Amino acid sequence: MSILIKGARVIDPANKIDALLDILIEDNKISKVAKNIKAQAENTIDASGKIAAPGIIDMHVHLRQPGREDKETVVTATASAAKGGVTTVLAMPNTNPAMDCAESIELLKGIIKKDAKINVLICGTITKARLGKELSEIAALKKSGAIAISDDGCSVDSDELTLEAFNKAKQSGILTICHSEDKKLSGKGVINLGFNSTRLGLRGISNESEYKRIERDIELAEKAQAPVHIAHVSCRESVEIIAKAKKKGIKVTCETAPHYFSLTEDALLGYDTNMKMNPPLRSKEDLAAIKEGLKDGIIDAIASDHAPHTENEKDIEFERAEFGVIGLETELAVAVTELVHSKILDWGELVERFSVNPARILGIDKGTLSEGKVADIVVISPAEEWQVSKGGLISKSKNCAFLGRTLKGAVDYTICNGKIVYKR
Amino acid sequence: MSWMRKDLLGLEYLTREEIELILDTADSFKEVSTREIKKVPALRGKTAVNLFYEPSTRTRVSFEVAAKRLSADVINIATETSSVRKGETLIDTGKNIQALKADIIIMRHNCSGAANMLARALDISVVNAGDGWHEHPTQALLDIFTLKEKLGKIKGLNVTIVGDIAHSRVARSNIWGLTKLGAKVTVCAPEMLLPVGIEKTGVKTSSNIDEALKNADAVNVLRMQFERDEGAAFPEQLDYFKRFGITGERLAKAKKDIVVMHPGPINRGIEMSSEVADGANSVILEQVTNGIAVRMAVLFLVAQAREAKA
Chain A
96 MSILIKGARV IDPANKIDAL LDILIEDNKI SKVAKNIKAQ AENTIDASGK IAAPGIIDMH
156 VHLRQPGRED KETVVTATAS AAKGGVTTVL AMPNTNPAMD CAESIELLKG IIKKDAKINV
216 LICGTITKAR LGKELSEIAA LKKSGAIAIS DDGCSVDSDE LTLEAFNKAK QSGILTICHS
276 EDKKLSGKGV INLGFNSTRL GLRGISNESE YKRIERDIEL AEKAQAPVHI AHVSCRESVE
336 IIAKAKKKGI KVTCETAPHY FSLTEDALLG YDTNMKMNPP LRSKEDLAAI KEGLKDGIID
396 AIASDHAPHT ENEKDIEFER AEFGVIGLET ELAVAVTELV HSKILDWGEL VERFSVNPAR
456 ILGIDKGTLS EGKVADIVVI SPAEEWQVSK GGLISKSKNC AFLGRTLKGA VDYTICNGKI
516 VYKR
Chain B
8 MSWMRKDLLG LEYLTREEIE LILDTADSFK EVSTREIKKV PALRGKTAVN LFYEPSTRTR
68 VSFEVAAKRL SADVINIATE TSSVRKGETL IDTGKNIQAL KADIIIMRHN CSGAANMLAR
128 ALDISVVNAG DGWHEHPTQA LLDIFTLKEK LGKIKGLNVT IVGDIAHSRV ARSNIWGLTK
188 LGAKVTVCAP EMLLPVGIEK TGVKTSSNID EALKNADAVN VLRMQFERDE GAAFPEQLDY
248 FKRFGITGER LAKAKKDIVV MHPGPINRGI EMSSEVADGA NSVILEQVTN GIAVRMAVLF
308 LVAQAREAKA
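Heads up: the protein sequence lines correspond to chains A and B, in order.
Going left to right, the first sequence walks through residues 96 to 519 as the working numbering numbers them.
Going left to right, the second sequence walks through residues 8 to 317 as the working numbering numbers them.
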């Protein structure tokens with residue numbers, strides 16, 4: 096199969112390209128990126144006025160399969176990803192069974208092989224059943240194909256065990272991703288601690304519960320000389336701590352999610368459970384610091400933390416509702432609206448946060464449009480406006496924080512492994 | 008002005024004019040309870056449902072009396088004996104009550120925001136009778152009504168609220184209502200029971216009850232609950248009485264005519280001495296009486312607003 100993308104503004108920061116070019120895809124690979132390619136392709140995409148960029152690599156996604164197929168499946172999650180311009184996801188391991196042994200990973204690999212529309216990479220757990228008590232067989236996880244480990248949803252409380260995990264991960268050459276939260280501090284909190292938690296009469300989650308644990312995780316990673324990636328950074332102190340660690344030369348990277356640079360705790364004032372996630376939406380000052388961190392490159396990556404939940408789990412009393420929101424279908428448009436159109440990032444910087452840096456962090460050969468690479472490409476109408484609606488979402492769950500919002504930037508085509516997996 | 012809201016969820020959401028309208032309406036309903044035949048036909052043919060997810064006697068009975076004096080039919084649902092025990096969701100329960108063609112749901116719930124959620128899901132009126140730590144608007148309205156009756160006005164009054172501010176819906180509703188009407192409010196509690204950012208509502212904070220009482224025209228004494236799961240963080244009962252309890256000795260140093268209020272039920276000897284509870288400054292039983300008039304006003308106004316829309 097061959098595809099010719101004609102006249103797109105090609106954004107390929109890894110190759111320092113931002114120019115009007117054609118892209119020829121043959122045999123699933125990018126065979127040529129040049130002006131006026133004269134070739135006969137089975138599929139020609141007129142991309143004048145559009146942007147072509149490497150597909151999004153979303154390193155924080157909950158597929159829910161195996162175990163919670165009522166929330167999401169590999170079929171629905173990867174279709175949702177394709178619609179959002181995402182060509183690779185890293186599947187978080189808090190499934191049932193958890194991805195804590197080779198058998199579970201083999202099971203998921205089988206499902207992916209059968210059902211996935213896009214590339215799905217697997218994250219194993221740090222500890223067995225994510226209980227924080229006993230380390231998983233990290234070498235075995237790596238051997239069966241996991242490319243990272245995380246107890247996402249939980250932090251390993253024991254310093255000793257965390258240090259041991261970093262040491263083992265280093266030996267196995269696998270990345271550790273930390274959900275940095277001290278539950279002794281966040282307790283039963285459900286929204287950001289502050290005036291709004293007081294007004295609403297809800298228990299608060301302090302910034303401290305996040306940044307203190309990030310501080311510890313970085314300290315232990317440094318001790319082990321192991322790379323560490325901090326998931327879903329939400330507050331200003333966390334950005335400062337990571338900035339300092341990077342300056343010191345510590346191998347730390349981090350991500351934030353679109354809701355942390357587009358929404359604040361004020362979105363909670365109506366007790367909308369689609370605004371309930373962990374970490375919680377923070378203050379205006381925190382949001383400004385997240386944007387600043389993205390601009391400075393302290394925050395390496397944007398990832399959705401796509402967390403599907405059924406309506407039964409969300410359409411209930413606020414404090415009883417599940418934490419988390421879906422994000423695969425909206426992350427690009429939210430970022431284009433909030434970061435590019437408001438001139439926080441240029442297109443090249445946006446593609447770095449969405450594709451180049453995640454590829455580097457995960458150590459995968461993706462995130463560029465170099466000739467010869469596997470063709471994972473997204474074609475975008477940058478100024479196209481669309482309204483997020485429940486009916487338009489193809490994720491199995493509809494717990495989206497942006498319902499009703501008009502966003503700028505629409506995905507026209509998603510090409511994964513040289514095939515069109517989504518067309519608007 | 009006229010009342011346009013189908014629901015009463017909290018005083019934070021109301022304007023000063025709306026609060027005054029409720030108080031004025033309550034004023035005109037107060038007389039009904041003094042009649043030989045304590046009934047007016049204002050809500051005849053309407054059905055009010057008391058939906059209580061938390062045990063409560065006084066608030067439920069007060070609403071029931073209020074609805075009956077307006078000639079409404081009243082149904083009481085205690086969740087221990089209903090299908091809620093079988094796992095029915097709040098919204099499903101609400102929709103079922105709506106399908107019975109009830110007009111008003113009066114709800115008490117242990118989760119903050121439960122009334123907001125129910126009101127959004129239903130077309131019929133929802134009156135919040137207390138949700139978690141969030142709001143208890145009719146309690147604050149009856150406190151304010153009583154205060155206004157005693158002192159003639161609210162604007163410019165110094166009102167001290169003492170007790171577990173952090174976990175009190177009565178405190179929050181009083182703060183919103185009183186500050187909107189121009190009172191100067193001080194909240195007094197042990198440091199750990201003052202919630203984050205409470206001063207942003209315009210109140211002063213204090214952890215010294217004697218100072219907080221000094222210029223107070225009124226003190227609203229909250230019920231202390233020591234059985235919460237945050238138990239460990241709470242001061243000992245006796246220690247609390249020593250540091251914050253309202254006693255005759257303390258009142259002797261305050262303004263002579265200071266009005267003493269309590270939402271009930273009183274823990275005698277914990278937040279207040281018996282001498283004060285039964286003393287000349289106490290208006291605690293008048294609060295109970297006024298609660299009926301205030302709740303009659305609220306039920307009447309929300310029902311009328313729905314009718315106006317229909």
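Beta carbons: idealized from backbone N, C-alpha and C, even for Gly.
Keep in mind that this is a model prediction, so the values were computed, not measured.
The alpha helix (DSSP H) enclosing residue i, as first and last residue numbers
{"i": "A:Phe290", "result": "290-295"}
{"i": "B:Thr186", "result": "176-187"}
{"i": "B:Thr100", "result": "97-106"}
{"i": "B:Met303", "result": "291-316"}
{"i": "B:Asn274", "result": "Segment: none, B:Asn274 is in no alpha helix (DSSP H) and carries neither H nor E."}
{"i": "A:Asp247", "result": "No alpha helix (DSSP H) holds A:Asp247; DSSP gives it neither H nor E."}
{"i": "A:Asp254", "result": "254-267"}
{"i": "B:Val72", "result": "65-76"}
{"i": "B:Thr32", "result": "23-37"}
Own chain partners of residue i with C-beta closer than 8 angstroms, once the 5 adjacent residues on each side are dropped
{"i": "B:Glu156", "result": "Glu293, Asn297"}
{"i": "A:Ala326", "result": "His155, Ser245, Asp247, Ile272, Cys273, His274, Ser275, Cys349, Glu350, Ala398, Asp400"}
{"i": "B:Val295", "result": "Arg65, Ser69, Gly271"}
{"i": "A:Glu137", "result": "Met96, Ser97, Ile98"}
{"i": "B:Asn274", "result": "Arg230, Met231"}
{"i": "A:Leu230", "result": "Ile221, Thr222, Lys223, Leu256, Glu259, Ala260, Lys263"}
{"i": "B:Ala85", "result": "Phe59"}
{"i": "B:Asp14", "result": "Ala122, Ala126, Ser132, Val133, Val134, Asn135, Val309"}
{"i": "B:Ile26", "result": "Leu18, Leu148, Ile151, Gly184, Lys187, Leu188"}
Assigned exposure category for residue i - 16 Cβ within 10 Å defines buried
{"i": "A:Lys130", "result": "exposed"}
{"i": "A:Asn287", "result": "buried"}
{"i": "A:Gln266", "result": "exposed"}
{"i": "A:Asn110", "result": "exposed"}
{"i": "B:Leu308", "result": "buried"}
{"i": "B:Met8", "result": "exposed"}
{"i": "A:Arg163", "result": "buried"}
{"i": "A:Pro353", "result": "buried"}
{"i": "B:Arg5", "result": "This structure cannot settle anything about residue 5 of chain B, because the visible part of chain B is limited to 8 through 317."}
{"i": "A:Ser253", "result": "exposed"}
{"i": "B:Met11", "result": "exposed"}
Cross-chain neighbours of residue i in chain A, by beta carbon under 7 angstroms
{"i": "B:Lys207", "result": "Phe290"}
{"i": "B:Leu97", "result": "Ile411, Glu412"}
Extent of the continuous beta strand (DSSP E) to which residue i belongs
{"i": "B:Gly252", "result": "Run containing B:Gly252: none; DSSP gives neither H nor E here."}
{"i": "B:Arg115", "result": "111-116"}
{"i": "A:His324", "result": "323-325"}
{"i": "A:Met187", "result": "Looking at the DSSP string, A:Met187 is not in any beta strand (DSSP E), and its letter there is neither H nor E."}
{"i": "B:Ser281", "result": "Segment 281-284 is the alpha helix (DSSP H) holding B:Ser281; no beta strand (DSSP E) there."}
Same chain, Cβ closer than 7 angstroms to residue i, neighbours up to 5 away in sequence not counted
{"i": "A:Cys249", "result": "Arg225, Gly227, His274"}
{"i": "B:Ser213", "result": "Thr193, Cys195, Ala219"}
Partner residues on chain A for residue i, Cβ-Cβ distance less than 8 angstroms
{"i": "B:Glu282", "result": "By Cβ distance, chain A contributes nothing, its closest Cβ being about 33 angstroms from B:Glu282, past 8 angstroms."}
{"i": "B:Ser214", "result": "Under the 8 angstroms cutoff, chain A gives no residues; its nearest Cβ is about 17 angstroms from B:Ser214."}
{"i": "B:Ser69", "result": "The premise fails here: B:Ser69 is roughly 22 angstroms from chain A at the closest Cβ pair, so nothing lies under 8 angstroms."}
{"i": "B:Val203", "result": "Leu288, Gly289, Phe290, Ser292, Thr293, Gly299"}
{"i": "B:Glu61", "result": "Neighbours of B:Glu61 on chain A: none; closest Cβ ~13 angstroms, over 8 angstroms."}
Sequence-distant residues of its chain with Cβ nearer than 6 angstroms to residue i (five each side left out)
{"i": "B:Ala239", "result": "Annotation note: pLDDT 47 at B:Ala239 (below 50); position unreliable, coordinate value reported separately. Contacts found: none."}
{"i": "A:Val184", "result": "Asp153, Val156, Ala176, Val215"}
{"i": "B:Asn123", "result": "Leu16"}
{"i": "A:Ala505", "result": "Ser476, Glu479, Trp481"}
{"i": "A:Val431", "result": "Lys503, Gly504"}
{"i": "B:Phe248", "result": "Ile277"}
{"i": "A:Ala211", "result": "Val169, Thr173"}
{"i": "A:Lys468", "result": "Ile125"}
Under 8 angstroms from the C-beta of residue i: neighbouring residues of chain B
{"i": "A:Tyr366", "result": "Ser119, Gly120, Asn123, Met124"}
{"i": "A:Arg415", "result": "Cys118"}
Chain-ordered neighbours of residue i on chain B, where CB pairs are closer than 7 angstroms
{"i": "A:Gly296", "result": "Ser119, Gly139, Trp140, His141, Arg176, Arg179"}
Contact list for residue i against chain A, beta-carbon separation under 9 angstroms
{"i": "B:Glu19", "result": "Arg294"}
Inter-stretch contact (C-beta, 8 angstroms, three-pair minimum) for the region 192-210 of chain A and the region 478-485 of chain A: no
Meets three-Cβ-pair contact criterion under 8 angstroms: the region 156-175 of chain A and the region 413-432 of chain A: yes
Do the region 102-119 of chain B and the region 276-290 of chain B meet, that is, are 3 or more Cβ pairs less than 8 angstroms apart? no
Check whether the region 334-342 of chain A and the region 294-313 of chain A are in contact - that is, three or more C-beta pairs closer than 8 angstroms. yes
Answer yes if the region 404-419 of chain A comes into contact with the region 442-453 of chain A, meaning at least three C-beta pairs across the two stretches below 8 angstroms, and no otherwise. no
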